[in-house]
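Below you'll find the structure, written out as structure tokens, and then a few comments.
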Amino acid sequence: MSDVRFLQLCRAGDAQLERLLAAGAAPEDAALGGWEWRGYNTPPFTALLGIRKFIKGFFDAGAGLEGYNIPAKQNGLDGAWLHRPRPQAPARFGFYRVRRPRAGERDSLYADALLLDYGASARNASYRPERVLRDYLVQPFPDDRDLLLGKAYLAFGPLRVRSNFFVLGRLRPAPWLP
Numbered sequence: 008m009s010d011v012r013f014l015q016l017c018r019a020g021d022a023q024l025e026r027l028l029a030a031g032a033a034p035e036d037a038a039l040g041g042w043e044w045r046g047y048n049t050p051p052f053t054a055l056l057g058i059r060k061f062i063k064g065f066f067d068a069g070a071g072l073e074g075y076n077i078p079a080k081q082n083g084l085d086g087a088w089l090h091r092p093r094p095q096a097p098a099r100f101g102f103y104r105v106r107r108p109r110a111g112e113r114d115s116l117y118a119d120a121l122l123l124d125y126g127a128s129a130r131n132a133s134y135r136p137e138r139v140l141r142d143y144l145v146q147p148f149p150d151d152r153d154l155l156l157g158k159a160y161l162a163f164g165p166l167r168v169r170s171n172f173f174v175l176g177r178l179r180p181a182p183w184l185p
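The numbering used here puts the first residue of the sequence shown at 8, with every later residue one more than the last.
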């Protein structure tokens, strides 16, 4: 993965990220499954919430590609991505199902992206707030399969409210299955 590109995207403005997202292509499932990715939410307010850095993983448990989130130590953009509460026992949460958006449906804002649908995962209890998340994910540069760009939305009934952009860089193999 291009560390330079990762850092550039983490520091880019929303207008540039929107252009890249709109022009990007959905990553291949095979490039995601079995991997964890270092994640960085671009807006400064996410640092105040303690969620600027995170780890996102992907797996196939037999019914298609799924994924999860792991909290990461908030030690700055230049610090290592460290699993919390500790690397040997990370706290996986915020599960999602991965699929292509379907034309005409509510969650089809970016037809060439992958949709990470937290509301579709039975692994999230019905009361969990992350069930409202809908992420769109693209590979912004055709020559770099180790760098992804995402945009998060909050789903409230029929409404979709833009939340933020995030950047993912391939971190490590993750053979974990539920």
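Ideal Cβ placement from N, Cα and C applies to all residues, glycine included.
For the pair Val168 and Tyr160, the Cα-to-Cα distance works out to about 5 Å. Residues of the same chain with their beta carbon placed closer than 6 Å to that of Arg113 are lacking, with the five preceding and five following residues left out of the count. Counted as a single uninterrupted DSSP element, the alpha helix (DSSP H) harbouring Ala22 occupies residues Asp21 to Ala30. 7 Å or more divides the Cβ of Phe52 from the Cβ of Asn76.
Judged by beta-carbon spacing, Leu16 lies within the 7 Å limit of Val174, meaning their Cβ atoms are closer than that value. Within the same chain, Cβ atoms closer than 8 Å to the Cβ of Leu89 are found at Ala79, Lys80 and Asn82, the five residues on either side in sequence being excluded. Phe13 carries a helical assignment under DSSP once its states are collapsed to helix, strand and coil. Within its own chain, the residues whose Cβ lies closer than 6 Å to the Cβ of Gly57, once the five positions on either side in sequence are excluded, are Gln81, listed in chain order. Contact check for Tyr125 against Tyr103 passes: the beta carbons are separated by less than 7 Å. Within the same chain, Ile77, Pro78, Arg91 and Pro92 come within 7 Å of Ala98 by CB-CB distance, once the 5 residues on both sides are set aside.
In the DSSP assignment, Ala120 forms no beta bridge with any residue.
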